[in-house]
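The following block contains the structure:
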């Protein structure tokens, strides 16, 4: 809404190469393994003796984000974070990213710079290098494609298929908040669309709105694993929701699981909001996605260590496959867990 | 036009995971370095002692391809090839790719399977593994994002900045054809739009149309370099056009260049077509893009070896930066070369 007073440079005034130059000039190299970043046919990474871990995501305006309530800087930040989260979910350390964008002429150079400012901040905070990408036009809307690259020695990489009956299940932070943040933003958008004079106040919903708009990847957990010599038996990041992501682990590990309702960490503000929305807080935690905490399983010895570490919540136990995947409610009843997470199509 | 008789499954009948499963089940692992492909948060690649080389491209319907004349199978094939071409342009061997797509509900599952059939054929031919990606919906049109990963020991990687005055300039095949193929297809599209009853006959333009719709990356050249112990001093793939791509090498290597008009290899069919279109064949070769041949420079000793190898065309010489970048015409006149290649915005 401040657009009138801001400078607007058309993208075609600059051309592709000048635009790339403009957008990437502020990025400082963080990783000694980055031998060559932007400016050749491909980036070059010195992998030394570690394995290279690669993950990629495609974000489409109108499907994955709504620019009515998503500031471009936050969008840039989040688009990096969600990819780094996948690398941490392998127990690996992210080292490089590539970012490709397609933009319509609706976007000014200044708008794209905002987006890259968020990308740069995320690269800075997580110490990863932007090593390549593609910048092109789109007939309509904004498309962002991020590929994240990380490294870890083969023995320490954690897959989704290693959980065993008796392993304990942990999450690295409170969940359900991002989903409620999205509900708030969607509701405020509707109110604004009906009457643009209504003043929107998100001050009391700061926690959940930030969980949705500016999530962080759980890198501290991966550092903690290294420090405490813990190697999870399986791990995934919570992007689709606890139900859906736990089912991925159980399917791939060929096992069942029990989640203890009273142990699932839900932020107080999120709980109150859920009730206000007539939603069950545990349902938000199970089915809401985009929290980007890590969900992992640990064997007995590592579970013992985790009891004494801050930032890890013990929420359940892996069971035999015949027992299915269940929630044990606070009253002691068992409910089957099914995937109700986020769905594209 | 055969759509009525073909089966049409809606994407939402399947859901994302079943779709990924369907699309990727036919892919066979090609590379021992692929420790983990699709099915976890990230792919895992054993880089051993080589460097990892990464390149990425974003292809948008209506900008990079027109489905009126681009069969989806060819599009899938080409989207892989153009990325592998970037890896070869580093003198590296591609080993893995990730492919993300966003599709609107205009596309049936069968249509997306066609696209993946092309992707699979390219993976098969170039011996690369599909190790990840993202499949999502789009409000409109088709978006394809490909990241290619390759490897090479540090000493053999070839950048754009190593050309030196006195180095000889080579290309690995005939150029200008893809541009003429595109002109033909665009012209036939216009004719068809004006009168859909006109029968379109591309039989006489087979070479140029195939150069555009189904290009190949010049992997044979990279194998030849290894076999003959040649390491180019600089290299780039011809995606934007000879002028534009040569200027990248000259700018990054801080040098000038002379291209000898009579040495630039242009296919006979392409030459005849150019004349039919009232275009100068050398202009098509200089400014037309998407040929995906390699443009490289070699020092004296390697240039000597290249003289006796098939498939390499000696087209010019690197000069001092003060001499600029020029075309020496067949009549001996010099013309400055400027970037007139493909432009996005």
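Chains as they are written, first to last, in my numbering: chain H, 67 to 411; chain Z, 67 to 411.
All residues carry an ideal CB built from backbone N, CA and C; glycine is no exception.
- Candidates 171(Z), 152(Z), 318(Z) and 170(Z): closest to residue 163(Z) by CA position: Residue 163(Z) has its Cα closest to that of 152(Z), out of 171(Z), 152(Z), 318(Z) and 170(Z).
- Hey, does residue 194(H) have any beta-carbon neighbour from chain Z nearer than 8 Å? No, residue 194(H) does not count as interfacial toward chain Z.
- Within 8 Å (strictly less), CB to CB, does residue 320(H) reach chain Z? No, residue 320(H) does not count as interfacial toward chain Z.
- Expected contact under 8 Å - CB spacing of residue 381(H) and residue 392(H) to nearest Å: The Cβ separation is near 13 Å, so there is no contact.
- Item | Contact set for residue 79(H): own chain, Cβ-Cβ below 7 Å, skip 5 residues either direction | Result list for residue 79(H): empty, nothing under 7 Å.
- Task: Determine the DSSP secondary structure at residue 191(Z), reduced to helix, strand or coil.
- Result: Residue state, collapsed to three classes: helix.
- If we call anything under 8 Å between Cβ atoms a contact, is residue 166(Z) one with residue 211(Z)? A contact, by the Cβ cut-off of 8 Å.
- Query: Between residue 216(H) and residue 299(H), which are expected to be in contact by the criterion C-beta below 8 Å, what is the C-beta distance as a whole number of angstroms?
  - Reply: That belief does not hold up - the Cβ atoms of residue 216(H) and residue 299(H) are roughly 20 Å apart, past 8 Å.
- Task: Count the other CB atoms, across all protein chains shown, that sit within 10 Å of the CB of residue 184(Z); report buried if there are 16 or more and exposed otherwise.
- Result: When all chains shown are included, residue 184(Z) counts as buried.
- Hey, is residue 132(Z)'s beta-carbon within less than 8 Å of any beta-carbon in chain H? Judged by the 8 Å Cβ criterion, residue 132(Z) is not in contact with chain H.
- Task: Under 7 Å Cβ to Cβ from residue 75(H), same chain only, skipping five residues before and after it: list those, please.
- Result: Hits under 7 Å: 174, 175 and 176.
- Message: Is the separation between the beta-carbon of residue 384(H) and that of residue 200(H) shorter than 8 Å?
- Response: No. Outside cutoff.
- Give a yes or no on contact between the region 233–250 of chain H and the region 106–122 of chain H, applying the rule of three or more CB pairs nearer than 8 Å. Touching, no, given that fewer than three Cβ pairs across the two stretches are closer than 8 Å.
- Query: Run through DSSP, which three-state label would residue 11(Z) get?
  - Reply: The first residue shown for chain Z is 67 and the last is 411, placing residue 11(Z) beyond what the model contains.
- Query: Does the Cβ of residue 249(H) have 16 or more other Cβ atoms within 10 Å, making it buried, or fewer, making it exposed?
  - Reply: Buried, because 16 or more other Cβ atoms sit within 10 Å of the Cβ of residue 249(H).
- Query: Going along the chain, which unbroken runs of the alpha helix (DSSP H) with 4 or more residues stay wholly within the region 173–230 of chain H?
  - Reply: Counting only runs of 4 or more residues that sit fully inside the region 173–230 of chain H, the alpha helix (DSSP H) segments are 175–192, in chain order.
- Of all the CB atoms in chain Z, is at least one closer than 8 Å to the CB of residue 205(H)? Answer yes: the Cβ-Cβ gap between residue 205(H) and chain Z drops below 8 Å somewhere.
- Query: Taking one C-beta from the region 238–246 of chain Z and one from the region 349–360 of chain Z each time, how about it: are there three or more such pairs within less than 8 Å?
  - Reply: In this structure the region 238–246 of chain Z lies against the region 349–360 of chain Z, because at least three pairs of beta carbons, one per stretch, are closer than 8 Å.
- Task: Under 8 Å between beta-carbons, which chain H residues line up against residue 117(Z)? List them in chain order, please.
- Result: 101, 110, 111, 112 and 113, listed in chain order.
- Distance CB(residue 302(Z))-CB(residue 315(Z)) smaller than 8 Å: Less than 8 Å divides the Cβ of residue 302(Z) from the Cβ of residue 315(Z).
- Task: Please look up how many angstroms separate the CB atoms of residue 359(Z) and residue 239(Z), rounded, as I've assumed it's under 8 Å.
- Result: Rounded, the Cβ-Cβ distance is 4 Å, consistent with contact.
- Item | Nearest candidate by alpha-carbon position, reference residue 401(Z), set 327(Z), 362(Z) and 378(Z) | The shortest Cα separation from residue 401(Z) among 327(Z), 362(Z) and 378(Z) belongs to 327(Z).
- Buried or exposed: where does residue 334(H) fall if 16 or more other Cβ atoms within 10 Å of its Cβ makes it buried? Answer is exposed; the Cβ neighbour count stays below 16.
- Give me the Cα-Cα distance between residue 379(Z) and residue 386(Z), rounded to the nearest whole angstrom. So the alpha carbons of these two residues sit roughly 22 Å apart.
- Message: Against residue 166(Z), what residues of chain H qualify as contacts under a CB-to-CB distance less than 8 Å, listed in chain order?
- Response: Within 8 Å Cβ-Cβ: 122, 123, 124 and 211.
- Using a Cβ cut-off of 8 Å (strictly closer), state whether residue 412(H) contacts chain Z. Outside the displayed range of chain H (67 to 411) lies residue 412(H), so it cannot be described from this structure.
- Rounded straight-line distance, which links the Cα of residue 92(H) to that of residue 310(Z): Cα to Cα, the separation comes out at about 26 Å.
- Task: Please confirm if the region 144–159 of chain H is in contact with the region 116–126 of chain H, defined as three or more CB-CB distances below 8 Å between the two stretches.
- Result: Yes, the region 144–159 of chain H is in contact with the region 116–126 of chain H.
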